[in-house]
Amino acid sequence: AQKVTQAQTEISVVEKEDVTLDCVYETRDTTYYLFWYKQPPSGELVFLIRRNSFDEQNEISGRYSWNFQKSTSSFNFTITASQVVDSAVYFCALSYYNAGGTSYGKLTFGQGTILTVHP
Amino acid sequence: EPEVTQTPSHQVTQMGQEVILRCVPISNHLYFYWYRQILGQKVEFLVSFYNNEISEKSEIFDDQFSVERPDGSNFTLKIRSTKLEDSAMYFCASSGISSYNEQFFGPGTRLTVL
Numbered sequence: 007a008q009k010v011t012q013a014q015t016e017i018s019v020v021e022k023e024d025v026t027l028d029c030v031y032e033t034r035d036t037t038y039y040l041f042w043y044k045q046p047p048s049g050e051l052v053f054l055i056r057r058n059s060f061d062e063q064n065e066i067s068g069r070y071s072w073n074f075q076k077s078t079s080s081f082n083f084t085i086t087a088s089q090v091v092d093s094a095v096y097f098c099a100l101s102y103y104n105a106g107g108t109s110y111g112k113l114t115f116g117q118g119t120i121l122t123v124h125p
Numbered sequence: 009e010p011e012v013t014q015t016p017s018h019q020v021t022q023m024g025q026e027v028i029l030r031c032v033p034i035s036n037h038l039y040f041y042w043y044r045q046i047l048g049q050k051v052e053f054l055v056s057f058y059n060n061e062i063s064e065k066s067e068i069f070d071d072q073f074s075v076e077r078p079d080g081s082n083f084t085l086k087i088r089s090t091k092l093e094d095s096a097m098y099f100c101a102s103s104g105i106s107s108y109n110e111q112f113f114g115p116g117t118r119l120t121v122l
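In order, the protein sequence lines correspond to chains A and B.
According to the numbering used here, the residues represented by the first sequence are 7 to 125, in order.
According to the numbering used here, the residues represented by the second sequence are 9 to 122, in order.
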């Protein structure tokens, strides 16, 4: 069974602070994919990043960066110099792949972290 | 930029009524999904659909639920006899040529069962 844990329910920061959102996952699959999605107050789910289990390189995209550590089963997300527009719920998610082709991309989501950035 | 669309944005229905939620996935995508999110909770997988059949479904997706791709563009979720606990936001998603590609989500349909 797969499980994603986002232990931080809510985080509140002041604009320009850096903030890290934690994600810990559990899976027995050797090949899997990790994702982050953003859900702004308007409610839609916006894709941010996908990572496969064989690629542990950290990734940076503008003010966003991701730290994937297989040894600790973590896929943390850092926002540098946060802005009010970053206020949203952030979800970490996991899907698996197997060579038998019986995985069809089902995403298992964490509970989400509510990030509030104050001006 | 192509996007997933969903209609209606909000549906109010009486308990026991049938509802059909509609989605138009991104046109060249092959994998289609429904998820739901009860207010304030996490997003939960309902069903995946590939090659004109259900490929995987969750425990939530019982006999009251069905999905269909009636033509080349629409993807629908039907709830035959709604219950109060079906009240949630329902998201449609699609992904491209591989099931492990990122999924793109529609804006959601808020279903309220009275």
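All residues carry an ideal CB built from backbone N, CA and C; glycine is no exception.
Since the model is a prediction, treat every value here as computed from it, not as a measurement.
What residues of chain B sit near residue i, judged by a beta carbon separation below 8 Å?
i: Gln117(A); result: Gln49 and Lys50
i: Glu50(A); result: Phe113, Gly114, Pro115 and Gly116
i: Phe97(A); result: Lys50 and Val51
Could you confirm whether any beta carbon from chain B is found closer than 8 Å to the beta carbon of residue i?
i: Glu23(A); result: no
i: Leu121(A); result: no
i: Phe74(A); result: no
i: Phe60(A); result: no
Using three-state DSSP, classify residue i as helix, strand or coil.
i: Glu64(B); result: strand
i: Leu113(A); result: coil
i: Glu65(A); result: strand
i: Leu92(B); result: helix
i: Val91(A); result: helix
i: Ser35(B); result: coil
i: Thr86(A); result: coil
i: Lys9(A); result: strand
i: Ser80(A); result: strand
i: Lys50(B); result: coil
i: Thr15(A); result: coil
i: Phe73(B); result: strand
i: Ser103(B); result: strand
How long is the line joining the alpha carbons of residue i and residue j, rounded to whole angstroms?
i: Phe41(A); j: Cys98(A); result: 6 Å
i: Phe60(A); j: Glu110(B); result: 16 Å
i: Gln12(A); j: Glu32(A); result: 12 Å
i: Ile130(A); j: Pro46(A); result: Chain A is shown only over 7 to 125; residue 130(A) falls outside these bounds and no answer can be derived.
i: Ser17(B); j: Met97(B); result: 9 Å
i: Leu122(B); j: Thr86(A); result: 44 Å
i: Phe73(B); j: Pro125(A); result: 44 Å
i: Gln14(B); j: Tyr41(B); result: 12 Å
i: Thr122(A); j: Asp79(B); result: 42 Å
i: Ile66(A); j: Phe74(A); result: 12 Å
i: Tyr96(A); j: Tyr38(A); result: 20 Å
i: Ser103(B); j: Glu76(B); result: 17 Å
Taking 8 Å as the CB-CB limit, is residue i close to chain A?
i: Glu61(B); result: no
i: Glu64(B); result: yes
i: Ser103(B); result: yes
i: Phe53(B); result: yes
For a contact defined as C-beta to C-beta under 7 Å, what are the partners of residue i on chain A?
i: Glu93(B); result: Chain A residues near Glu93(B): none, gap ~19 Å exceeds 7 Å.
i: Phe99(B); result: Leu51
Can you pull the chain A neighbours of residue i, defined as C-beta to C-beta under 8 Å?
i: Ser56(B); result: Tyr110, Gly111 and Lys112
List the residues of chain B whose Cβ lies closer than 9 Å to the Cβ of residue i, in chain order.
i: Phe41(A); result: Glu110 and Gln111
Checklist entry - In the segment 18-43 of chain A, which residue ranges form an unbroken beta strand (DSSP E) of at least 3 residues, counting only runs that do not cross its ends? => result 25-27 and 30-32
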